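Student: Questions regarding the structure given below will be posed in turn.
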DNA sequence: TCAAATCTTGATACCGGTGTCATAGGGCGT
DNA sequence: ACGCCCTATGACACCGGTATCAAGATTTGA
């Protein structure tokens, strides 16, 4: 192997940021050959490759993502698109995604948005096109928005939907799906097994697939024990604490007060805590409460909340990995399970 | 003004993404002149400028950030660097930053890191240099790390520190500082005014400026009422819920049980809730608790937590605005206030 | 052994912008 | 009217990579 130590030493002493031209010059090869090595092209002699890599290592060359991106007509950025009021959920997704991105040379760019704005689609289209994103991850609930999915198909940008598993969500593009029914079914069975028969349900908002899936799973659980969701004991919320509070208040002050509540998410469950405490009820002695999400709050409230855990962070990791190797890969859907975490907010009647 | 409608219409029909070359050709001007218009160069005739802008608007041209970045030798990305266990704090910062970035053509890139890793500095240097960041925002506690600040000075990348106000933090680079003492002083006074005399303090970890500032402020508040932090009633935590739980447990089982607690953050305060409930104490009847941060959890726990509010989101907004206009601007420090929010976890003895 | 096929490499254009410097035209003073 | 200065614009190189395609080097097959 030929090296030109003097030139290399001189370059290192100059303390300049190395470019591909420097590497080429110092290795006595053309830019293009260096480029081939960077991109792991097979048509480079092993000896040449080693020589180039030796120079690269010695002068600490790292290809400039902007220049590379310009030539490739795409950036090394992955967009995280969401419209989700739950901060903790978003953070977990970020952490999982960043985890998987570490060392890949790709960065994560945030893009929260407002699906009720009339700029919604245009805004996202601009973002993706202008930044020439390498890929996009879409979180629920907008991962179920028809207009958005249509846009993503049009743009031909690799994307991954994160969503609740449902026949309607298993087709079209890469997807990371969660089997929300399983955990909710377990929650329903759990409450039934504790002997509860009057069980209230605080539903999520219309139009959220997660809401209907959770309801369906919960119902399955009850039905397995000869029970069902009673219309009089079902109130709809919108996943906010306040709505959970209001819903619980209504349920707990009705003539047929339930002895247990299942809320479509932790936030609403914690709203129910407030309502219960406000009415002087003790949890779990007078009222069992079960949530969904296993948010950090679940183990921080008192008593710690029985809830359903979703492996959010793992799902985000999987989403990124899917994107990183999406290069022509067939579209696929990964499915994650959910599981009941029994804490201290549920007890026998 | 001259326009060449036919060519323009033809171009629009082609549905191609417009480049500066298209604009130049359709406006019968050189690339360079178009570039001047984009960059608001003063040496362009008003008439020419309008003509260029007309073409830009009609064909929907938007300069490619990567190409522009390559030529400018910097990107249009701002890095958010943090090593903070508090998810909610981070989200608020993100939201504020994104808020201020909207429409600026600059994007936010996340970079959580681990200050205990030996790669810590190298990792951040690589990130900033490789991405040629337009600016960097550093959150506490690493915003007080000497090595990191040294690195940022070396790199000449515009940066903003977010930190607690303190003589040591008012110099060096742009800074967004919070007057943490004020709110903590108010907290101390509040507890004293309620008649508490045995007041426990759960301190934040060593090395966090926020921890020492909060302690100092709290102490000022007590001293204004002839009290002080009693050594026997002070325990150190590390800002985690678990540490708050342990600390409170120690304080509440000592012979001179305090009737009120002030915790260095909400997380620890909520740990204290757990300890109190576990011991059968009622809040606020048997024990008053006060936190710091006004995290979303503060109003979700029961009873809602009295705490100190910091305008986190506004601070992030200010940080971004500082960066965006940092072009040669003098280094300055913006100072934000903190304020006590009295809820229902504090009451008379 | 020699032509054909294959493997390796390089010259040059190009991605989409900006910087440098030259130049044509208009206003000014004398 | 002349030269001078200033203003507005453009030609061309450049940022740091990749694509195309041609050409030299090596291998293969008969």
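Residue numbers (my numbering), protein chains in the order written: chain A, 1 to 349; chain B, 350 to 698. Glycine is no exception: its CB is placed at the ideal position from the N, C-alpha and C atoms. Please read all numbers here as calculations on a predicted model, not as lab measurements.
#1: Which parts of the segment 549-629 of chain B are runs of the beta strand (DSSP E), unbroken and 3 residues or longer, counting only runs that do not cross its ends?
#2: Quick one: what does DSSP say residue 114 of chain A is sitting in, helix, strand or coil?
#3: Residue 499 of chain B touches chain A at which residues, Cβ-Cβ below 8 Å?
#4: Please classify residue 107 of chain A as buried or exposed, where buried requires at least 16 neighbouring CB atoms within 10 angstroms.
#5: Three-state secondary structure (DSSP) at residue 161 of chain A?
#6: Looking at the secondary structure, which residues open and close the beta strand (DSSP E) in which residue 77 of chain A lies?
#7: Hey, does residue 376 of chain B have any beta-carbon neighbour from chain A nearer than 8 Å?
#8: Measuring only between beta-carbons, confirm whether residue 2 of chain A sits less than 8 Å from chain B.
#9: Does residue 274 of chain A have its Cβ less than 8 Å from a Cβ in chain B?
#10: With distances taken from CA atoms, which of A:203, A:322 and A:239 is nearest residue 233 of chain A?
#11: Mind pulling the chain A residues with CB within less than 9 Å of residue 468 of chain B?
#12: Based on Cα-Cα distance, which residue from B:642, B:666 and B:624 lies nearest to residue 302 of chain A?
#13: For residue 659 of chain B, which three-state DSSP category applies?
#14: Rank B:622, B:373, B:696 and B:530 by C-alpha distance to the C-alpha of residue 657 of chain B and give the top, closest one.
#15: Could you run through the segment 644-661 of chain B and flag, in chain order, every residue whose CB is less than 9 Å away from some CB of chain A?
#16: Quick one: is residue 379 of chain B buried, meaning 16 or more other Cβ sit within 10 Å of its Cβ, or exposed?
#17: In this structure, does DSSP put residue 174 of chain A in helix, strand or coil?
#18: Could I get the ranges of all uninterrupted beta strand (DSSP E) runs contained in the segment 379-440 of chain B, with 3 residues as the minimum, in chain order?
#19: Could you check if residue 449 of chain B is buried or exposed, using at least 16 other CB atoms within 10 Å of its CB as the buried criterion?
#20: Quick check on residue 365 of chain B: buried or exposed, where buried means 16 or more other Cβ atoms within 10 Å of its Cβ?
#21: For residue 523 of chain B and residue 683 of chain B, I'd like the C-alpha separation in whole angstroms.
#22: Please identify the residue among B:442, B:604, B:467 and B:427 whose C-alpha is closest to the C-alpha of residue 454 of chain B.
#23: List the residues of chain A whose Cβ lies closer than 7 Å to the Cβ of residue 458 of chain B, in chain order.
#24: To the nearest whole angstrom, what separates the beta carbons of residue 570 of chain B and residue 609 of chain B, a pair I think is in contact under 8 Å?
#25: Give a yes or no on whether 8 Å exceeds the smallest Cβ distance from residue 247 of chain A to chain B.
#26: Quick check: the Cα distance between residue 607 of chain B and residue 247 of chain A, rounded to an integer number of angstroms?
#27: May I have the straight-line CA-CA distance separating residue 20 of chain A from residue 73 of chain A, to the nearest angstrom?
#28: Could you round the C-beta distance between residue 121 of chain A and residue 155 of chain A to whole angstroms and report it? I think they count as a contact, below 8 Å.
#29: In terms of residue numbering, what span does the alpha helix (DSSP H) encompassing residue 361 of chain B cover?
#30: Which stretch, first to last residue, makes up the beta strand (DSSP E) that contains residue 698 of chain B?
#31: Step through the CB atoms of chain A and report whether any lies within less than 8 Å of the CB of residue 418 of chain B.
#32: When you compare the CB positions of residue 132 of chain A and residue 75 of chain A, do they come within less than 8 Å of one another, or not?
#33: With DSSP as the reference, please indicate the residues paired to residue 179 of chain A in a beta bridge.
#34: Between the segment 262-274 of chain A and the segment 202-217 of chain A, are three or more C-beta pairs nearer than 8 Å?
#35: Terminal residues of the continuous alpha helix (DSSP H) containing residue 150 of chain A?
#36: Does the segment 531-539 of chain B come into contact with the segment 563-578 of chain B, if we say contact requires no fewer than three beta-carbon pairs (one atom in each stretch) closer than 8 Å?
Tutor: In brief:
#1: 583-585 and 609-612
#2: coil
#3: Those within 8 Å of residue 499 of chain B in chain A number zero; the least Cβ separation is about 17 Å.
#4: buried
#5: strand
#6: 77-82
#7: no
#8: Low confidence applies here, because residue 2 of chain A scores a pLDDT of 48, under 50, leaving its location unreliable; read the following figure in that light. False, the Cβ-Cβ gap to chain B never drops below 8 Å.
#9: yes
#10: A:203
#11: Chain A residues near residue 468 of chain B: none, gap ~11 Å exceeds 9 Å.
#12: Ranking the options by Cα distance to residue 302 of chain A, first place goes to B:624.
#13: coil
#14: B:530
#15: Answer in chain order: 645, 646, 648, 649, 650, 651, 652 and 653.
#16: exposed
#17: Residue state, collapsed to three classes: strand.
#18: The beta strand (DSSP E) runs of length 3 or more contained entirely in the segment 379-440 of chain B are, from start to end of the chain, 426-431.
#19: buried
#20: exposed
#21: 8 Å
#22: B:427
#23: 107, 108 and 109
#24: In fact, because the Cβ distance is near 12 Å, the residues do not count as touching under 8 Å.
#25: Not a single CB atom of chain B sits nearer than 8 Å to the CB of residue 247 of chain A.
#26: 38 Å
#27: Each residue's alpha carbon lies about 18 Å from the other.
#28: Actually they do not touch by this definition, with Cβ atoms about 11 Å apart.
#29: 354-363
#30: Run containing residue 698 of chain B: none; DSSP gives neither H nor E here.
#31: yes
#32: yes
#33: A:337
#34: yes
#35: 146-155
#36: At 8 Å Cβ cutoff, the stretches touch.
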